[in-house]
Amino acid sequence: RIYGEKSTRTATTLFNLATLASNDPARKAEALRLFERALAGYEADAPEQADVGLTLLRIADIKRENNAGYS
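Under this note's numbering, think of the first position of the sequence shown as 268, with each following residue one higher.
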């Protein structure tokens, strides 16, 4: 399936955020699962804004939790 330019750019951004979200393997795996869920939303033509917004919020939470562990 070919995604529109905006969806592809958003998916790429989500992937980059997910892979950078944490050095902890369990948290990185969680972020990648959230990315896959958002991508599945594109495939199912589900409303993508909700999935993308929720995914970005959760990735931000994971990153914040990870950074708190180092302070």
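Glycine included, C-beta positions come from ideal geometry on N, C-alpha and C.
query                                                                                                                                    : result
Distance check for Lys295 and Thr322, CA to CA, integer angstroms please.                                                                : 13 Å
Under the assumption that Glu297 contacts Ile329 (Cβ atoms under 8 Å), give the Cβ distance between them as a whole number of angstroms. : 7 Å
Rounding to the nearest angstrom, what Cα-Cα distance links Glu332 and Arg325 in this structure?                                         : 10 Å
When we look at the beta-carbon of Thr277 and count the other beta-carbons within 10 Å, is it buried (16 or more) or exposed?            : buried
Expressed to the nearest angstrom, what Euclidean distance is found between the alpha-carbon atoms of Leu284 and Asn334?                 : 14 Å
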